[in-house]
Amino acid sequence: QVQLVESGGGLVQAGGSLRLSCVASGSSFSIRPMAWFRQAPGKQRDLVASITSGVNTNYADSVKGRFTISRDNAKNTVYLQMNSLKPEDTGVYYCNTVRAIWVWGQGTQVTVSS
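So that you can map any letter, position 111 of the sequence shown is 120 in my numbering, and since no number is skipped, the others follow by simple counting.
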């Protein structure tokens, strides 16, 4: 069973930046389209960014131009660079395959203060 471990969250002021990391165990990481999801307090978990097994990326409109997703297949790691953070970016961030086929990790909390 693949395990996902997210890290890099924290408390940041509006306009600041954070870089999230997610390490996946297992040997199938490199062939999977991966994604970052965000769950704001009291809301459902939404996909904010995705990346194919290569370099093609897609973003939710709310983060386009501010967030960048990337991956290092040699390290089984997917990243999310978040710039120009806004209070509405606050939430717990999770990674998974785009279809969320793996067991969810614990996520990493991002809190953006105004």
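Glycine is no exception: its CB is placed at the ideal position from the N, C-alpha and C atoms.
Out of curiosity, what's the CA-to-CA distance linking residue i and residue j?
i: residue 98; j: residue 119; result: 8 Å
i: residue 30; j: residue 81; result: 10 Å
i: residue 21; j: residue 27; result: 8 Å
i: residue 18; j: residue 58; result: 16 Å
i: residue 42; j: residue 107; result: 6 Å
i: residue 94; j: residue 77; result: 12 Å
i: residue 124; j: residue 51; result: The question about residue 124 has no answer here: the residues shown for the chain are numbered 10 through 123.
i: residue 116; j: residue 102; result: 5 Å
i: residue 67; j: residue 36; result: 24 Å
Could you check where the beta strand (DSSP E) with residue i kicks off and where it finishes?
i: residue 122; result: 117–122
i: residue 44; result: 43–48
i: residue 100; result: 100–106
i: residue 34; result: First-last for residue 34: undefined, no H or E at that position.
i: residue 8; result: Residue 8 cannot be examined here, being either before or after the span of the chain that is shown, 10 to 123.
By the three-class DSSP mapping on this structure, what secondary structure does residue i have?
i: residue 60; result: strand
i: residue 93; result: coil
i: residue 110; result: coil
i: residue 67; result: strand
i: residue 39; result: helix
Between residue i and residue j, which are expected to be in contact by the criterion C-beta below 8 Å, what is the C-beta distance as a whole number of angstroms?
i: residue 46; j: residue 105; result: 7 Å
i: residue 11; j: residue 33; result: 6 Å
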